[in-house]
Amino acid sequence: MPRKESAKKSEIWNFFEMKPKSDRIAVCNICKTELSYKSSSNNLRKHMLRKHPQVRLNSSENETRPMISSASEVDTNVQFMEVHTNKHDGELSSTSGTASTSSSNPKTIISKPAKMQSTVSTFLHKKLGVTARKTIDEALMLLFTHDFQPFSIVEDFGFRKFVSALNPSYGLPNRKTITNTLLPAKYEEVYNNTKKELEGVDSVTLTTDCWTSSTTESFLAVTAHFLDNKFKLKHRVLGCESFSERHTSANLASAIRNILVEWDLENKVLIFISDNAANIKKAIKEDLQQKHFGSYAHTINLIVQNSL
Numbered sequence: 015m016p017r018k019e020s021a022k023k024s025e026i027w028n029f030f031e032m033k034p035k036s037d038r039i040a041v042c043n044i045c046k047t048e049l050s051y052k053s054s055s056n057n058l059r060k061h062m063l064r065k066h067p068q069v070r071l072n073s074s075e076n077e078t079r080p081m082i083s084s085a086s087e088v089d090t091n092v093q094f095m096e097v098h099t100n101k102h103d104g105e106l107s108s109t110s111g112t113a114s115t116s117s118s119n120p121k122t123i124i125s126k127p128a129k130m131q132s133t134v135s136t137f138l139h140k141k142l143g144v145t146a147r148k149t150i151d152e153a154l155m156l157l158f159t160h161d162f163q164p165f166s167i168v169e170d171f172g173f174r175k176f177v178s179a180l181n182p183s184y185g186l187p188n189r190k191t192i193t194n195t196l197l198p199a200k201y202e203e204v205y206n207n208t209k210k211e212l213e214g215v216d217s218v219t220l221t222t223d224c225w226t227s228s229t230t231e232s233f234l235a236v237t238a239h240f241l242d243n244k245f246k247l248k249h250r251v252l253g254c255e256s257f258s259e260r261h262t263s264a265n266l267a268s269a270i271r272n273i274l275v276e277w278d279l280e281n282k283v284l285i286f287i288s289d290n291a292a293n294i295k296k297a298i299k300e301d302l303q304q305k306h307f308g309s310y311a312h313t314i315n316l317i318v319q320n321s322l
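In terms of the working numbering, the sequence shown opens at residue 15 and continues consecutively.
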């Protein structure tokens, strides 16, 4: 019988899942490697350190994210109600307070439990399971990988209050955890998935461009365009490299060649599309010996500029 999810408390299970219908095999979410698992997660942790060293793990295997701190135990002190017997009319009058033994009137002491005070612990939800926490982590990462929000958003007071109101049991990771653990793991996962996608295609069209930032830092980007096995057009950025060399055709060709080798695309390129700059055209046509097609948008832009 497969182990219950509640038994998995280590953060390592953010990166592994049990193989369906098996309680002995764990599957890495990043590279899909199957590993033997019995009772200890040491084998899984060693795999992460050996194969995915850029994903930083906490030093303690059982270390988990801090949750909302609970308040002190509920106050269960007993209050006492004094019941005074009125000898004249037989009526009962009562006053609440602590019990007293010195009184001129006969009293009957009846104890009653005090009303329980509402504390934080009264409203705390159960701890999230591994699957639920991973689902929320995945949604959180979309803020950065899709919406390009700054990592510092997780430290903003309003955002933290908002997340806590939605689910008080979710321990929002800090910026360090995101940059050192969650983001590298997501990068590895996407990288491996893209590798498998490209292994199954016969040809790709590549677009490339160079630009310089406002701080005079140069970049070179290469993007692949291809049809998957369902004839759906896909686009994948293969590299966006800082380019500190001079923008000669030889240097550009060398950088592009390294990207092609990394993704095993040397023999799958159908055509390159770039602007009409002489250096990039020479890099593609002469140095890389690939077909080149100039960007229509760049050509029209040059025509307009020349006519002004």
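Here a beta-carbon is modelled for each residue, glycine too, at the ideal position from N, C-alpha and C.
Contacting residues, own chain, Cβ-Cβ under 6 Å from F173 (five flanking each side not counted): Position 159 of the sequence shown, counted from the start, is the residue given in the question as residue 173. These residues qualify, in order along the chain: I167.
Candidates T221, I314, T229: closest to K305 by CA position: One-based indexing of the sequence shown puts residue 305 at position 291. Checking every option, the nearest Cα to that of K305 belongs to T221.
Which of helix, strand or coil does DSSP assign to G172? For the purposes of this step, residue 172 is taken as residue 158 along the sequence shown, with counting starting at 1. G172: helix per DSSP, three-state reduction.
Under a Cβ-count criterion, where at least 16 other Cβ atoms within 10 Å of its own Cβ denotes burial, should T145 be classed as buried or exposed? Against the sequence shown, residue 145 aligns to sequence position 131. Under this definition T145 is an exposed residue.
Does the separation of the CB atoms of T219 and I285 fall below 8 Å? For the purposes of this step, residue 219 is taken as the residue at position 205 of the sequence shown. For the purposes of this step, residue 285 is taken as the residue at position 271 of the sequence shown. Closer than 8 Å, so yes.
With DSSP collapsed to three states, give me the class of T229. Within the sequence shown, the letter at position 215 stands for residue 229. Coil, per DSSP.
By the three-class DSSP mapping on this structure, what secondary structure does Q93 have? As a working mapping, residue 93 is identified with position 79 in the sequence shown. Confidence at Q93 is low in this model, with a pLDDT of 44, below 50, so the placement of that residue is unreliable and no value is reported for it.
Across which residues does DSSP place E25 in a beta bridge pair? Here residue 25 corresponds to residue number 11 of the sequence shown, with the count starting at 1. Looking at the DSSP assignment, E25 forms no beta bridge with any residue, so it has no partner.
Grab the span of the beta strand (DSSP E) containing A40 for me, first residue to last. What you label residue 40 is simply residue 26 of the sequence shown in a count that begins at 1. Looking at the DSSP string, the run of the beta strand (DSSP E) that includes A40 is 39-42.
Selected residue, minimal CA-CA separation from F245, among H261, K141, K209, S217: In the sequence shown, the residue the question calls residue 245 occupies position 231. The residue with the shortest Cα to Cα distance from F245 is S217.
Would you report the Cα separation of C45 and L322, rounded to the nearest angstrom? In the sequence shown, residue 45 corresponds to position 31, counting from 1. In the sequence shown, residue 322 corresponds to position 308, counting from 1. Straight-line Cα distance between these residues: approximately 54 Å.
For T262, which of helix, strand or coil comes out of DSSP? Position 248 of the sequence shown, counted from the first residue, corresponds to residue 262. DSSP places T262 in coil when its eight states are reduced to three.
Put L279 into one of helix, strand or coil per three-state DSSP. Position 265 of the sequence shown holds residue 279. Coil.
In angstroms, rounded to a whole number, what distance separates the CA positions of G308 and T230? By one-based count along the sequence shown, residue 308 stands at place 294. By one-based count along the sequence shown, residue 230 stands at place 216. Going by the C-alpha atoms only, they are around 25 Å apart.
Entirely enclosed beta strand (DSSP E) segments - the region 174-224, minimum 3 residues: none
Per-residue burial, D151 [other beta carbons within 10 Å of its own, 16 or more giving buried]: Numbered from its first residue, the sequence shown carries residue 151 at position 137. D151 comes out buried.
For L142, which of helix, strand or coil comes out of DSSP? Walking along the sequence shown from the start, residue 142 turns up at place 128. Coil, per DSSP.
Taking 7 Å as the limit between beta carbons, can you name the residues of its chain near N206, skipping five residues before and five after? On the sequence shown, position 192 is the one that residue 206 refers to. Closer than 7 Å at Cβ, skipping near neighbours: I44, C45.
Residues bridged to H160 by DSSP? On the sequence shown, position 146 is the one that residue 160 refers to. According to DSSP, which records beta bridges pairwise, H160 is partnered with nothing at all.
Please say whether L212 and L302 have beta carbons closer to each other than 8 Å? Counting from one through the sequence shown, the residue named residue 302 turns up at place 288. Counting from one through the sequence shown, the residue named residue 212 turns up at place 198. Cβ distance not < 8 Å, so L302 and L212 don't count as in contact.
L154 versus A292 - alpha carbon distance: Taking the sequence shown and counting its residues from 1, the one referred to as residue 154 is at position 140. Taking the sequence shown and counting its residues from 1, the one referred to as residue 292 is at position 278. One C-alpha to the other measures close to 44 Å.
Might you give, ordered along the chain, the residues of its own chain that have their beta carbon closer than 6 Å to the beta carbon of I192, omitting 5 neighbours on each side? Walking along the sequence shown from the start, residue 192 turns up at place 178. So the list reads F165, once near-sequence residues are dropped.
I'd like the list of long-range same chain contacts for L241, defined as Cβ closer than 8 Å, with 5 residues on each side in sequence excluded. Here residue 241 is taken as the residue at index 227 of the sequence shown, counted from 1. For L241, where only same-chain residues beyond five positions count, the Cβ hits under 8 Å are V215, L247, K248.
Exposed or buried, which one is S55 when buried takes at least 16 other CB atoms within 10 Å? If you number the sequence shown from 1, residue 55 lands on position 41. Classification of S55: buried, given that the 10 Å Cβ count is 16 or more.
Where L63 sits in the DSSP three-state scheme: Locating residue 63 in the sequence shown gives position 49, counting from the first residue. Three-state result, L63: helix.
Indicate the three-state DSSP secondary structure (helix, strand or coil) for K35 in the structure shown. Here residue 35 refers to the residue found at position 21 when the sequence shown is read from its first residue. Three-state DSSP puts K35 in coil, outside helix and strand.
In this structure, how does DSSP classify F30 when only helix, strand and coil are distinguished? If you number the sequence shown from 1, residue 30 lands on position 16. F30: strand per DSSP, three-state reduction.
Where S24 falls, given that 16 or more other Cβ within 10 Å makes a residue buried: Taking the sequence shown and counting its residues from 1, the one referred to as residue 24 is at position 10. The residue in question, S24, is buried, as its Cβ has 16 or more Cβ neighbours within 10 Å.
Could you tell me which residues DSSP puts in a beta bridge with R250? In the sequence shown, the residue the question calls residue 250 occupies position 236. DSSP output for R250 lists A238 as bridge partner(s).
For A199 versus F30, is the C-beta spacing smaller than 8 Å? In the sequence shown, residue 199 corresponds to position 185, counting from 1. In the sequence shown, residue 30 corresponds to position 16, counting from 1. No, Cβ-Cβ distance for A199 and F30 is not below 8 Å.
Inter-residue Cα distance where the pair is T226 and K141: For the purposes of this step, residue 226 is identified with residue 212 of the sequence shown, where counting begins at 1. For the purposes of this step, residue 141 is identified with residue 127 of the sequence shown, where counting begins at 1. So the two alpha carbons sit approximately 48 Å from each other.
What whole-angstrom Cβ distance do V236 and I287 have, given they're in contact under 8 Å? By one-based count along the sequence shown, residue 236 stands at place 222. By one-based count along the sequence shown, residue 287 stands at place 273. Incorrect: roughly 11 Å between the Cβ atoms, too far for contact.
Residue closest to R147, alpha-carbon to alpha-carbon, out of E169, F158, L186: Mapped onto the sequence shown, residue 147 falls at position 133. Taking only the C-alpha atoms, the option nearest R147 is L186.
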